[in-house]
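The opening residue of the sequence shown carries number 1 in the working numbering; numbering runs sequentially from there. Don't be surprised by glycine CBs; every beta carbon is placed ideally from N, CA and C. On a predicted model such as this, the values are computed, not experimentally measured, just so you know. Here is the structure we will look at.
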Amino acid sequence: MTTMNRRTLLRAAALTGAVTATGLAGGPAASAAAGVNGPWIVTGSAGVLQINPGRTTPQVLLPPGADAAASPDGRYLAVIGQKPGPAFDPTLDLYDRATGESRTLITDPLGLHYEWPTWSPDSTEVAMVIGDSRLVAVNVDTGARRVLVEGHHMARPNWSRDGSMIVTEWFSRSDGGQLRVLELATGKARLVYQRVPGEFADHAVFTPDSQRIVFSTNRWYLDQERHNQSLASVRLGGTGLKLLTDEPRFIVSPVFSPDGRYCAALSVPDSNPEPDGGNIIVFTSGFGEPWWIPGDEYDDSMRLDWATAV
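This is the structure:
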């Protein structure tokens, strides 16, 4: 079997859940196929969805809910919700993927915005932005909060797999939009990327080895519409800016597979000219030869996560 044929069969098996049909079951290729195939957590206008291996129709986990993020051990989703009734206070909820039950971890009065939870690698804390200018870590057992950094507008934090850093979009009063890395041991937020005029640079995540930052940007397509973006990466020291995807398209919320071998994102296939729905596009670790996860479009998709099976 040639390398190309093996890759083609592996991908087909992973996307259909039929590894045994290729004769690859039980070997290293079977393990790789399992890593390619989700399950996926998608947050959009329909709430929190799960796309299971071998399925094309998503399973609705929570009709309401925003910014869902799966814990590294796969058991829970951290979800932004609201209290029912006249108050509509924001809540940080934990959804148990094994039992289907939810519990509220913390809540605040209406008007204090919650955004983009991200898990510590040991699954003991969830960090998120509260009120646009405070990054906090919440203990999942007790609900106790600790302030990590405050006083600056931040968005979409991501916790490194080595546990030592959090990257976040950062808005400087003097310099505008940036990406900064918060060193948890020192409390220092270091600049790693400065936007150029007219640029959007967002949805930043660490590579699995915690050595680079991958993000969505229109830096190479400033003269085109907003939805023409690419994935790029930069070293933690701010050097080595690299274009990862060579085709402009709407692409947001990159996420690496649990085994670190693949990167996926929400994007729009060429067959859909409007960036109002999303599908999942998957790349190898070298960002070559992307392929699509077949299935329904997820309208107004906001966030993708790559969960482990439970």
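- Restricting attention to Gly54, Gly260, Thr99, Thr239, the CA atom closest to the CA of Leu179 is found in Thr239.
- Annotated as distal: Val252 and Phe206, with beta-carbon spacing of 8 Å or more.
- Inter-segment contact for the region 281-300 and the region 78-85 is absent: fewer than three beta-carbon pairs are separated by less than 8 Å.
- In the DSSP assignment, Ser230 falls within the beta strand (DSSP E) that extends over 230-235.
- Arg55 carries a coil assignment under DSSP once its states are collapsed to helix, strand and coil.
- Taking Arg146 as the centre and dropping the five residues before and after it, the same chain places the C-beta of Ala137 closer than 6 Å to its C-beta, in chain order.
- By the neighbour-count definition (other C-beta atoms within 10 Å, threshold 16), Gln224 is an exposed residue.
- Take the alpha-carbon of Thr107 and the one of Arg134: they are about 15 Å apart.
- Taking C-beta atoms under 8 Å as the contact rule, Ala69 and Val310 fail to qualify, at a distance of about 15 Å.
- Residue Leu236 holds the alpha-carbon nearest to the alpha-carbon of Arg212 among Gln194, Leu236, Val255, Arg219.
- Taking every protein chain shown into account, the CB of Val268 has 16 or more other CB atoms within 10 angstroms, so this residue is buried.
- With contacts defined by Cβ atoms closer than 8 Å, Arg303 and Thr43 form a contacting pair.
- The alpha-carbon of Asp141 is positioned some 34 Å away from that of Gly278.
- Excluding sequence positions up to five before and after Leu241, its CB lies within less than 8 Å of the CB of Tyr193, Ala232, Ser233, Val234, all in the same chain and listed in chain order.
- Glu150 is classed as exposed because its beta carbon has fewer than 16 other beta carbons within 10 Å across all chains shown.
- For Arg219, the closest of Ser210, Pro208, Asp246 by C-alpha to C-alpha distance is Asp246.
- The distance from the Cβ of Leu49 to that of Tyr298 is about 6 Å, consistent with a contact at the 8 Å cut-off.
- Considering only Ala265, Gly100, Gly295, the residue with the shortest C-alpha distance to Thr284 is Ala265.
- Proximity to Pro197 across Ile280, Gly176, Leu61 peaks at Gly176, based on C-alpha coordinates.
- DSSP places Arg212 within a strand segment (E or B) once states are collapsed to three.
- When the Cα atoms are used, His203 and Cys263 turn out to be separated by approximately 13 Å.
- Between Phe256 and Pro294, the gap from beta carbon to beta carbon reaches 8 Å or more.
- A straight line joining the alpha-carbon of Ala66 with that of Gly47 spans about 7 Å.
- The C-beta separation of Val126 from Trp119 comes to about 6 Å, placing the pair in contact by the 8 Å criterion.
- The C-beta distance from Leu112 to Gly131 rounds to 5 Å, short enough to meet the 8 Å contact threshold.
- Secondary structure of Tyr221 (DSSP, three-state): helix.
- Straight-line spacing of the CA atoms in Ile281 and Arg161 works out to 22 Å.
- Here Leu184 really is in contact with Ser164; their C-beta atoms are around 6 Å apart, less than 8 Å.
- Counting only runs of 3+ residues, the beta strand (DSSP E) found wholly inside the region 106-186 occupies 114-119, 125-130, 134-139, 145-150, 153-159, 165-172, 176-183, in chain order.
- Scanning its chain for C-beta atoms nearer than 7 Å, with the 5 sequence neighbours on each side dropped, one finds around Leu191 the residues Gln178, Arg180, Gly238, in chain order.
- Distance from the Cα of Leu61 is smallest, within the candidate group Glu101, Ser301, Thr186, for Glu101.
- C-alpha of Ala189 to C-alpha of Leu110: approximately 29 Å in a straight line.
- CA-to-CA, the gap between Arg103 and Asp300 works out to about 26 Å.
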